[in-house]
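Visitor: Numbers 0 to 411, taken from numbering that gives the first Met the number 0, label the letters of the sequence shown in order. Think of the CB as a built atom: it goes at the ideal place given N, C-alpha and C, for glycine as much as any other residue. No experiment lies behind these values; they were computed from the predicted model shown.
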Amino acid sequence: MARLSFFILAVIIDLPRGVRDESEGREAQNEFLAAFDQDAQGTENPYYTEKQGWEDEANQIVKELISVHMDMRQNFRPVNNWGEVAGLSMHMMIATRMLENLKTATHVADIGSGTGALLAVFAELVPKTAVVEGLEYMTDVADASKQKMAEASVIFKKANNSDAEMVAKKISVSGIAGGELNGNLFTFNLDGGRDEEFDVINVGFAMFENEIPAALWKALAVKGKLGIPICKEKVYRPKCEALYHIYTKNSPEAVRKDDELIIQKDINFVLVRAPEKHCQAQEGGVQVECPTLVNFAPCTEFSKQNRLPEDAAVFFKLVFTENWMDNATKTSLENDWGVHMHREETVWQGGVEQDARWGLKVVYDLDCEEGYSVMTWTFFGFGELECVGESKMTATDVIHKFATDMRIVRHE
């Protein structure tokens with residue numbers, strides 16, 4: 000059965016998406032992250048000390064780890080700014096919530112690993128045979144974290160923890176990938192080569208929930224856990240107020256929302272947006288057709304960027320026709336001063352949802368009140384068409400001509 004995955008496509012407002020390159024990312028960090036503001040209390044730095052109100056989020060096992068004590072935290076202090084690290088309470092909470100998985104893990108990943116402080120925590124909790132990996136977009140931070148991890152192995156050795164020493168040494172040699180290609184969440188597991196491999200995956204920056212890559216979920220092993228800070232609101236700023244979500248994959252067929260735990264502690268995190276995704280690679284795909292009666296810019300842009308299977312392209316064209324829109328459910332507003340029309344429909348590959356490789360859904364709304372009308376078509380992609388994401392097309396300024404030409408607004 001095809002699964003739904005949402006990725007917002009802004010078709011009206013041009014918004015920055017993700018980190019385009021290292022210089023742009025560094026500039027944004029320097030501007031907005033000069034001060035460490037993750038809920039610090041007074042002059043305390045929450046990278047080194049527990050935050051007030053978080054004391055119960057870590058168990059005693061985690062609080063006694065070498066990797067959460069001052070000398071180890073000092074080892075992993077930032078290279079350029081405090082945006083490269085998360086707070087001590089955050090790291091201890093993650094370790095506590097993931098503890099059972101970590102104790103038996105074979106593969107663990109921290110994506111957005113920064114200087115490597117959480118990798119050190121993982122190194123102390125996993126079996127000595129486990130593979131722990133860090134992905135960090137900024138190459139200078141990734142390079143520095145390799146040396147920091149080597150130094151961490153020495154600290155573990157002095158503390159007579161040979162297993163953690165071994166894991167940390169492996170991480171320093173081959174466990175950290177950096178740069179746009181190798182250290183990038185949005186290129187991770189794109190080919191499916193690491194499906195069902197990881198027992199724990201942590202993401203070290205905030206995201207919008209509907210922009211979590213499907214490839215990330217697929218990389219989890221059965222019973223694996225995925226932890227991500229999710230923005231509470233869709234606020235397009237460099238940082239957002241977020242809550243940490245933990246998703247557990249209980250079966251190969253499970254979807255992310257089947258088993259979800261939300262840690263009710265507010266955190267401020269750097270927001271990373273998914274890059275725009277276009278359906279250019281659909282084998283045998285065709286370019287969609289837009290209404291010709293008006294200059295419908297959002298549809299025109301969508302048409303340039305996407306190629307759909309033939310059946311989906313036919314459906315796409317159909318939903319802009321008079322006959323299809325006339326069959327929308329009509330509701331009169333109070334005093335008959337306006338009307339609302341609504342219709343939803345989904346087309347599936349092969350005609351049925353069961354075992355379909357892709358699906359395309361449209362939600363159509365027309366609001367006409369006191370002579371002003373707005374028409375909106377919102378498309379959702381399923382399965383192989385997840386690259387369509389959630390694409391909204393709104394006609395407003397030319398709506399009267401559009402509505403008149405297509406004869407869909409009638410005030411008999």
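So, with DSSP's three-state summary, where would you put Q59?
Guide: helix
Visitor: In its own chain, which residues sit with a C-beta less than 8 Å from the C-beta of N58, not counting the 5 before and 5 after it?
Guide: T95, L98
Visitor: Along the chain, which unbroken stretches of the beta strand (DSSP E) at least 3 residues long are found entirely within the stretch 209 to 277?
Guide: 219 to 230, 238 to 247, 259 to 269
Visitor: Which runs of the alpha helix (DSSP H) fall wholly inside the stretch 95 to 141 and span at least 4 residues, in chain order?
Guide: 98 to 102, 116 to 124
Visitor: Identify whether D325 lies in helix, strand or coil by the three-state DSSP scheme.
Guide: helix
Visitor: In whole angstroms, what separates the C-alpha of P45 from that of P290?
Guide: 55 Å
Visitor: Identify, in the order they occur along the chain, each residue of the same chain with its Cβ nearer than 6 Å to the Cβ of I175, setting aside the five sequence neighbours on each side.
Guide: G133, A141, S144, K145
Visitor: Would A273 pass as a contact of E210 if the rule is Cβ separation under 8 Å?
Guide: yes
Visitor: For S331, count neighbouring C-beta atoms within 10 Å of its own C-beta (all shown protein chains included) and say buried if the count is 16 or more, exposed if not.
Guide: With fewer than 16 other beta carbons inside 10 angstroms of its own, S331 counts as exposed.
Visitor: Report the rounded CA-to-CA distance for V131 versus G52, giving the unit in angstroms.
Guide: 30 Å
Visitor: For T412, which residues in the same chain have their Cβ closer than 6 Å to its Cβ, ignoring the five residues on either side in sequence?
Guide: Outside the shown range of the chain (0 to 411) lies residue 412, about which nothing can therefore be said.
Visitor: So, with DSSP's three-state summary, where would you put S22?
Guide: Because S22 sits at a pLDDT of 46, beneath the cut-off of 50, its placement in the model cannot be relied upon, and the following sentence gives the value as read from the coordinates. Shown here, S22 sits in a helix according to DSSP, grouped into three states.
Visitor: Considering only DSSP beta bridges, list what G52 is partnered with.
Guide: G52 is not bridged to any residue.
Visitor: To the nearest angstrom, report how far apart A119 and N183 are at their CA atoms.
Guide: One C-alpha to the other measures close to 20 Å.
Visitor: Could you tell me which residues DSSP pairs with G82 in its beta bridges?
Guide: Beta-bridge pairing links G82 to no other residue.
Visitor: At the level of alpha carbons, what is the spacing between M91 and K360?
Guide: 42 Å
Visitor: Would you list the one or two residues that DSSP bridges to M340?
Guide: K329, L365
Visitor: Below 8 Å, can you find three or more Cβ-Cβ pairs linking the stretch 315 to 331 to the stretch 344 to 363?
Guide: yes
Visitor: Do A205 and A149 count as a contact pair if the criterion is CB distance below 8 Å?
Guide: Between A149 and A205, the CB-CB gap reaches or exceeds 8 Å.
Visitor: From the DSSP secondary-structure annotation, give me the bridge partner or partners of F197.
Guide: L219
Visitor: How is L307 classed by DSSP in three states: helix, strand or coil?
Guide: In the structure shown, the three-state DSSP call for L307 is strand.
Visitor: Under the assumption that K127 contacts M69 (Cβ atoms under 8 Å), give the Cβ distance between them as a whole number of angstroms.
Guide: So it is not a contact: roughly 25 Å between Cβ atoms.
Visitor: Could you please give the first and the last residue of the uninterrupted alpha helix (DSSP H) stretch that includes E179?
Guide: 178 to 181
Visitor: Evaluate L384 with the Cβ neighbour count: other Cβ atoms within 10 Å of its Cβ, from every protein chain shown; 16 or more gives buried, anything less gives exposed.
Guide: buried
Visitor: Can you list, in chain order, the residues of its chain with a C-beta nearer than 6 Å to that of V269? Leave out the 5 residues immediately preceding and following it.
Guide: G82, F204, K238
Visitor: In its own chain, which residues sit with a C-beta less than 7 Å from the C-beta of M89, not counting the 5 before and 5 after it?
Guide: I266
Visitor: Tell me whether the beta-carbon of M147 lies closer than 8 Å to the beta-carbon of L124.
Guide: First, the residue type needs correcting, since residue 147 is Lys and not Met in the sequence shown. No, these two residues do not count as a Cβ contact at 8 Å.
Visitor: If you run the structure through DSSP and keep just helix, strand and coil, what is T42?
Guide: Confidence at T42 is low in this model, with a pLDDT of 45, below 50, so its placement is unreliable and no value can be given for it.
Visitor: Give the straight-line distance between the Cα atoms of D66 and D190, rounded to the nearest whole angstrom.
Guide: Checking the displayed sequence, the identity of residue 66 turns out to be Ser instead of Asp. Going from the Cα of S66 to the Cα of D190 covers about 34 Å.
Visitor: Give the DSSP-derived three-state secondary structure of G192 in the structure shown.
Guide: coil
Visitor: Measuring CA to CA, which of V234, D366, N322, E196 is closest to H341?
Guide: Closest option to H341, Cα to Cα, is D366.
Visitor: Hey, how far is the Cα of T429 from the Cα of I60?
Guide: Any answer about residue 429 is impossible in this case: the structure gives the chain only from 0 up to 411.
Visitor: Is the beta carbon of P308 closer than 8 Å to that of M392?
Guide: no
Visitor: Taking only three categories from DSSP, how would you classify L359?
Guide: strand
Visitor: Distance, Cα to Cα, M324 vs V254?
Guide: 33 Å
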